[in-house]
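First up is the structure itself, then whatever we jot down about it.
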């Protein structure tokens, strides 16, 4: 009994330290994130900015698999972007629906016999169509099914510009998305990648690349994800950006220097977390070869993506993200506790390891030990409840801070009803949604060996644009 | 008990955060309201002064004192600028702006001592109202040049933008030398396009930059060549010596190849052909860029060289050679030997580029038929 008591004391101390660590990180990231955004706004209002008609020519790569519902809208949103020099390359990864047919017909594309310089290995193309009637050239490459990473590699091979953007086939861009994501290149001569912000498109109305109406989605699950995205995409990534420690640029919207991506071998088809794997690979490559570099995060480069509105779809998405995280981190485990990688190792990698990858197991361990303590009547229940409430409130307030900072700095007009909704939902998000996601992550590895490259998609809907 | 203290600390932190958020939102609103109020004040004063200026041609002393005192605060400067911007009647505002020359000199000195973000904004305001008043332009330019030593890239950029507006090539040369000597990173494209926006004589500026070319480091040399490429100033003869200079950095040579790809110069043809025909695979970029540059040199010898380059082992050389041939008035019959030949790579790239040429010319014919002016 005494042994168990001591064991539970140590477990208690461990969790206190663990939770303080997370709370501190969260607190720092929200404070730093908010500060960065406000400083940016102040800089802009006092014309402390570098503006240009265009910065670098960009190839926009859109890998698509069975995206006939959203693909035309996505391409339209790209065409609405105000940027002088870019091209669009859509890679149809052997869709079983009419993704290609829709594009060919809608944009009046014509078949070409275009040779592609395959600097990165990828599956073969079946046909290539082009359209030069639009604002920019649009290329459609249909290829053998090989996964998102393989499609992106095909897109890189076909691209003609020194920088490329990867985006999802349901992502919508704003009129200034390209300008903002390319902006860091003006300030640093060694930018090899820039990440953008992913907003949730479920509640917004875009007109010619401009947000006409901003509101929280009607669906409560999607609304909670808005809050979650603001806390994690905005806050933690802005913090990591301060010390060149970003190890994740979302595959839904990110810009890369082609030369470096080719040098590291492109996207890895053996993982479903190809976005994170690429960034880790780029860190490793540049540090190993002593190449000065920056991986930046542009908080103004906004794109909009659909969030799942059903729990089953959310489960598929988060399971994929967690497996991708696991694959990427294990492939590059040399980064862990390695002085060669500095803050990337000791801050970013460690954070993702402890608070993202291992957190479901740590939390499960916590629940089990709590159960044991309860059975042995060693739990101070009032204290436990109070701790949980304070902890949840702390998380909720930080979430709200991140949410309102973004609303304010982006000058969105938000309804009072949405303010109330955000305040109420943030508690459910912290207390409810996070537990659901923790359970999804805990069970993500069930059936891993058979399905480790499976990309379970969720249902797309047509948006009001 | 110790653990409970921790919990109370977190609770206090939560309350502080809420309080801070609310306070911040309130202060932001109050600040915006104040700026709007000051803006309205300035608008009224403009109206009063504009009426006086048309009759006595000078802003009165009390107004100058008022503005000097007010505008050293950056928020007031912002309101002032916004009030000025609202004036659509440019004829009325012009005499007023010319009178403000002395004010800008005083303000430039005051802002020099302030933080970078404020200095940058002041430089921006100056760039919006180029003052064609020799004496004050010279004084303000001196202070703007001192801004180029600031650590903030925004401050340097806005100061440059203002200097471009003044149209003094000597000051631009000094500015370029300062940036080059300081070896701070400056985006080449930003600088190139900034030079292109220079309001003075591009010819005089180009000659000054070329005279000092050898003193600059490679990144600045690259920027300057790209600037020359944009202007219509004829420097082909003067720059030819650089094209044949083997000691230059490779990136400079590439920029020169691109320059002569845009500006036809007969003596450059041989140099470009030599680059294209060189066999060193490690210097493929010279061949690839030359293949593209030769599109301007439409004659038999060049066509033959480009044709032979279609069999190059390097993808980019083949692509650029095909693109250049495509731009020339060469008929497809000329290439029957390649199209029917064994070199699959040459055939593919040629067929692809010609198919694009056909599509573009069909599009042009259609436009001509419906009477739309074709802009090449």
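Residue numbers (this note's numbering), protein chains in the order written: chain E, 1 to 465; chain L, 1 to 376.
Backbone N, C-alpha and C define an ideal beta-carbon position, used for all residues, glycine too.
In chain order, what residues of the stretch 100-119 of chain E put their CB closer than 8 Å to some CB of chain L?
110, 112, 113, 114, 115, 117
On a Cα-Cα basis, can you pick out the residue from E:117, E:340, E:77, E:135 that is closest to residue 205 of chain E?
Locating residue 205 of chain E in the first chain gives position 205, counting from the first residue. Checking every option, the nearest Cα to that of residue 205 of chain E belongs to E:77.
With residue 185 of chain E as the anchor, note down where its beta strand (DSSP E) starts and where it stops.
Your numbering for residue 185 of chain E matches position 185 in the first chain. No beta strand (DSSP E) contains residue 185 of chain E, which is instead part of the alpha helix (DSSP H) from 184-187.
Judging by CA-CA distance, which residue of E:367, E:20, E:278 is the nearest neighbour of residue 153 of chain E?
For the purposes of this step, residue 153 of chain E is taken as residue 153 along the first chain, with counting starting at 1. With distances taken between Cα atoms, residue 153 of chain E lies closest to E:278.
Along chain E, which residues have their Cβ under 8 Å away from the Cβ of residue 13 of chain L?
Along the second chain, one-based indexing puts residue 13 of chain L at 13. What residue 13 of chain L touches in chain E: 27, 394.
Uninterrupted alpha helix (DSSP H) stretches inside the stretch 22-85 of chain L (no shorter than 4 residues)
The stretch 22-85 of chain L contains these whole alpha helix (DSSP H) runs: 61-71, 74-85.
Inter-residue CB distance, residue 329 of chain E and residue 353 of chain E (contact presumed, cutoff 8 Å)
Position 329 of the first chain, counting from 1, holds the residue named residue 329 of chain E. Position 353 of the first chain, counting from 1, holds the residue named residue 353 of chain E. Residue 353 of chain E and residue 329 of chain E do touch by the CB rule: their CB atoms are close to 6 Å apart, below 8 Å.
Based on the DSSP output, what are the partners of residue 296 of chain E in its beta bridges?
In the first chain, counting from the first residue as 1, residue 296 of chain E sits at position 296. By DSSP's assignment, residue 296 of chain E forms a beta bridge with E:194.
Going by DSSP in three states, residue 299 of chain L sits in which element: helix, strand or coil?
Taking the first residue of the second chain as position 1, residue 299 of chain L is located at position 299. Three-state result, residue 299 of chain L: coil.
Please report whether the beta-carbon of residue 132 of chain E lies at a distance below 8 Å from any beta-carbon of chain L.
Walking along the first chain from the start, residue 132 of chain E turns up at place 132. It does; some Cβ of chain L falls within 8 Å.
For residue 268 of chain E, which residues from the same chain have a beta carbon less than 7 Å from its beta carbon, with the 5 sequence-adjacent residues on both sides left out?
The residue labelled residue 268 of chain E in the question sits at position 268 within the first chain. 149, 274, 277.
Pick out whichever of E:385, E:307, E:130 has its Cα sitting closest to the Cα of residue 202 of chain E.
One-based indexing of the first chain puts residue 202 of chain E at position 202. Selected option, being the one with the closest Cα: E:307.
Same chain, Cβ closer than 7 Å to residue 111 of chain L, five either side skipped, listed in chain order:
The count along the second chain starts at 1 and reaches residue 111 of chain L at position 111. Here the set comprises 118, 119, 122.
Among E:410, E:441, E:395, E:443, which residue has its Cα nearest to the Cα of residue 426 of chain E?
In the first chain, the residue the question calls residue 426 of chain E occupies position 426. It is E:395 whose Cα lies nearest to the Cα of residue 426 of chain E.
Since residue 386 of chain E is in the alpha helix (DSSP H), which residue starts that stretch and which ends it?
As a working mapping, residue 386 of chain E is identified with position 386 in the first chain. First-last of the alpha helix (DSSP H) with residue 386 of chain E: 381-409.
Quick one: what's got a C-beta closer than 7 Å to residue 437 of chain E's C-beta in the same chain, skipping five residues either side?
As a position in the first chain, residue 437 of chain E is number 437, starting the count at 1. Only 318 meet the Cβ criterion.
Helix, strand or coil for residue 9 of chain L, going by three-state DSSP, please let me know.
Translated into the one-based positions of the second chain, residue 9 of chain L becomes position 9. In the structure shown, residue 9 of chain L sits in a helix (DSSP, three-state: H, G or I).
Under 9 Å by beta carbon: chain E residues contacting residue 235 of chain L
Reading the second chain from its first residue, position 235 is the one you call residue 235 of chain L. For residue 235 of chain L, there are no neighbours in chain E by C-beta distance under 9 Å, as the nearest C-beta there is about 25 Å away.
Counting only the same chain and skipping the five closest in sequence on each side, list residues whose C-beta sits under 8 Å from that of residue 244 of chain L.
Translated into positions along the second chain, residue 244 of chain L becomes position 244. Cβ neighbours of residue 244 of chain L beyond the five flanking positions: 271.
Given residue 421 of chain E, which residues of its chain have a CB within under 6 Å of its CB, disregarding the five upstream and five downstream residues?
Counted from its first residue, the first chain places residue 421 of chain E at position 421. For residue 421 of chain E, where only same-chain residues beyond five positions count, the Cβ hits under 6 Å are 216.
With 8 Å set as the bound, which would you pick, yes or no: does the beta-carbon of residue 47 of chain E sit closer than that to a beta-carbon of chain L?
As a position in the first chain, residue 47 of chain E is number 47, starting the count at 1. Yes, residue 47 of chain E lies at the interface with chain L (some Cβ there is under 8 Å from its Cβ).
Applying the criterion that 16 or more other CB atoms from any shown protein chain within 10 Å of the CB defines a buried residue, is residue 360 of chain E buried or exposed?
Translated into the one-based positions of the first chain, residue 360 of chain E becomes position 360. Looking at its Cβ environment, which holds 16 or more other Cβ atoms inside 10 Å, residue 360 of chain E is buried.
Length-filtered (4 minimum) alpha helix (DSSP H) runs lying within the stretch 271-349 of chain L
With a minimum length of 4 residues, the continuous alpha helix (DSSP H) runs that stay inside the stretch 271-349 of chain L are 284-293, 300-309, 315-327, 336-339.
So residue 176 of chain E packs on residue 403 of chain E, CB below 8 Å; how close in whole Å?
Here the question's residue 176 of chain E lines up with position 176 in the first chain. Here the question's residue 403 of chain E lines up with position 403 in the first chain. The pair is not a contact, with the Cβ atoms about 22 Å apart (cut-off 8 Å).
Can you list the residues of chain E that residue 154 of chain L reaches, using a CB-CB cut of under 8 Å?
If you number the second chain from 1, residue 154 of chain L lands on position 154. Those are 43, 47, 48, 49, 50, listed as they occur along chain E.
Express the C-alpha separation of residue 219 of chain L and residue 406 of chain E in angstroms, rounding to a whole number.
Translated into positions along the first chain, residue 406 of chain E becomes position 406. Translated into positions along the second chain, residue 219 of chain L becomes position 219. The alpha-carbon atoms of residue 406 of chain E and residue 219 of chain L are separated by roughly 38 Å.
Would you list the one or two residues that DSSP bridges to residue 253 of chain E?
Position 253 of the first chain, counting from 1, holds the residue named residue 253 of chain E. For residue 253 of chain E, which the question treats as bridged, DSSP gives the partners E:167.
Can you tell me the Cα-Cα spacing of residue 259 of chain E and residue 417 of chain E, whole angstroms?
As a first step, residue 259 of chain E must be located in the first chain, where it is residue number 259. As a first step, residue 417 of chain E must be located in the first chain, where it is residue number 417. Rounded to whole angstroms, residue 259 of chain E to residue 417 of chain E spans 48 Å at the Cα level.
Chain-order list of residues whose beta-carbon lies under 7 Å from that of residue 81 of chain E (same chain, five-residue window excluded):
For the purposes of this step, residue 81 of chain E is identified with residue 81 of the first chain, where counting begins at 1. Taken in chain order, the residues that qualify are 173, 175, 177, 178, 209.
In the DSSP output, which residue or residues are listed as bridge partners for residue 304 of chain E?
Translated into positions along the first chain, residue 304 of chain E becomes position 304. Paired residues: E:172, E:199.
I'd like to know whether the C-beta atoms of residue 298 of chain E and residue 184 of chain E end up nearer to each other than 8 Å.
For this step, residue 298 of chain E is matched to residue 298 along the first chain. For this step, residue 184 of chain E is matched to residue 184 along the first chain. Contact flag set, yes.
Sub-8 Å separation of residue 289 of chain E and residue 244 of chain E beta-carbons
Residue 289 of chain E sits at position 289 when you count from the first residue of the first chain. Residue 244 of chain E sits at position 244 when you count from the first residue of the first chain. No, the pair does not count as a contact, with Cβ atoms beyond the cut-off.
Helix, strand or coil for residue 415 of chain E per DSSP?
On the first chain, position 415 is the one that residue 415 of chain E refers to. Three-state result, residue 415 of chain E: coil.
Taking the CB atoms as reference points, tell me whether residue 236 of chain L and residue 202 of chain L lie closer together than 8 Å.
Taking the first residue of the second chain as position 1, residue 236 of chain L is located at position 236. Taking the first residue of the second chain as position 1, residue 202 of chain L is located at position 202. Result no, Cβ atoms of residue 236 of chain L and residue 202 of chain L do not sit closer than 8 Å.
Take residue 170 of chain E and list the residues in its own chain whose beta-carbon comes closer than 7 Å to its own, dropping the five residues that flank it on each side.
Taking the first chain and counting its residues from 1, the one referred to as residue 170 of chain E is at position 170. Only 67, 70, 74, 305, 306, 460 meet the Cβ criterion.
For residue 37 of chain L, count neighbouring Cβ atoms within 10 angstroms of its own Cβ and tell me buried if that reaches 16, exposed if not.
Here residue 37 of chain L refers to the residue found at position 37 when the second chain is read from its first residue. Exposed, by the Cβ-count rule.
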